[in-house]
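**Q**
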Amino acid sequence: DAVKVEASKVDTKKLAQSKTSVKTEPAQTQQAALETPASSAPTDPANATDATKVNNVGFRWPAKGRIVQTFGDKGGVKSTGINISVPEGTPIKAAEAGTVAYAGNEVKGFGNLVMVRHADGWVSVYANASEIKVKRGDIIKRGQVIALSGQSGDVSAPQLHFELRKGSVPVDPVEHLSED
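At position 55 of the sequence shown the residue is numbered 55 (the working numbering), and the sequence of numbers has no breaks.
#1: From the DSSP output, read off the bridge partner residues of residue 166.
#2: Let me know if residue 87 comes out buried or exposed under the rule of 16 or more other beta-carbons within 10 Å of its beta-carbon.
#3: Assuming residue 112 is part of the beta strand (DSSP E), what are its boundary residues?
#4: Since residue 69 is in the beta strand (DSSP E), which residue starts that stretch and which ends it?
#5: In its own chain, which residues sit with a C-beta less than 7 Å from the C-beta of residue 158, not counting the 5 before and 5 after it?
#6: Going straight from the alpha carbon of residue 98 to that of residue 126, what length do you get?
#7: With DSSP as the reference, identify every bridge partner of residue 159, one or two as the case may be.
#8: Going straight from the alpha carbon of residue 92 to that of residue 134, what length do you get?
#9: For residue 121, which option in 144, 166, 70 and 72 has the closest C-alpha, if you only look at C-alpha atoms?
#10: For residue 170, does the count of other Cβ atoms within 10 angstroms reach 16, so buried, or fall short, so exposed?
#11: So, is the C-beta of residue 159 closer than 8 Å to a C-beta in chain D?
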């Protein structure tokens with residue numbers, strides 16, 4: 001169990017180092033916005049990524065809403081995940097079954113944060129929550145509510161910052177999410 005504790009500490013340190021502190025504007029002012037599959041079409045297709053073109057590798061969308069920050073380095077702003085605009089208190093659901101590796105608010109910029117370890121070295125990250133519904137060590141099911149969306153951390157509007165990592169390397173979540 002000491003190994004798990006150390007691994008969790010390393011993951012949160014890497015997470016904090018990889019996040020670029022960026023204040024996110026309310027969803028209405030974002031240029032690059034798109035919808036999650038359950039929502040309507042992107043409002044500005046020229047500046048959006050098509051979220052419906054996914055590889056269907058097994059992860060589910062953690063919340064339904066508009067993507068207001070995409071993955072990657074765009075215009076000098078680096079994002080290791082996506083930001084989904086959702087109303088305060090929206091249930092955040094686990095993208096896949098796994099074990100809670102971290103649940104807390106000690107990682108700068110992320111506010112209330114949950115990290116879940118999945119099979120094959122995958123980790124999912126859920127940040128900016130108003131309330132955390134799980135604790136470290138909990139075994140969770142795919143689709144289980146693990147937090148409620150909020151405005152904690154370095155954001156100026158309620159949203160979910162969501163990341164997928166293969167090991168410690170962030171990958172574009174949109175490419176690994178399916179419709180369910």
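Note that beta-carbon positions come from the ideal geometry of N, C-alpha and C, so glycine has one too. Please read these numbers as outputs of a predicted model, since none were measured by experiment.
**A** Based on what the coordinates show:
#1: The residue given as residue 166 occupies position 166 in the sequence shown. DSSP output for residue 166 lists 122 and 169 as bridge partner(s).
#2: As a working mapping, residue 87 is identified with position 87 in the sequence shown. Taking all protein chains shown into account, residue 87 has fewer than 16 neighbouring C-beta atoms within 10 Å of its C-beta and is therefore exposed.
#3: Here the question's residue 112 lines up with position 112 in the sequence shown. In this chain, the beta strand (DSSP E) harbouring residue 112 covers 112 to 117.
#4: Locating residue 69 in the sequence shown gives position 69, counting from the first residue. Counting along the chain, the beta strand (DSSP E) containing residue 69 begins and ends at 66 to 69.
#5: Here the question's residue 158 lines up with position 158 in the sequence shown. So the list reads 86, 87, 88, 149, 150 and 151, once near-sequence residues are dropped.
#6: Residue mapping note: residue 98 aligns to position 98 of the sequence shown, counting from 1. Residue mapping note: residue 126 aligns to position 126 of the sequence shown, counting from 1. Residue 98 and residue 126: Cα-Cα distance of roughly 14 Å.
#7: Your numbering for residue 159 matches position 159 in the sequence shown. In DSSP, residue 159 forms a bridge with 85 and 150.
#8: The count along the sequence shown starts at 1 and reaches residue 92 at position 92. The count along the sequence shown starts at 1 and reaches residue 134 at position 134. Taking the straight line from one Cα to the other gives about 11 Å.
#9: Taking the sequence shown and counting its residues from 1, one reaches residue 121 at position 121. Looking from the CA of residue 121, the closest CA among 144, 166, 70 and 72 belongs to 166.
#10: By 1-based counting over the sequence shown, the position of residue 170 is 170. Buried, by the Cβ-count rule.
#11: Absent from the structure: chain D. Only one protein chain is present.
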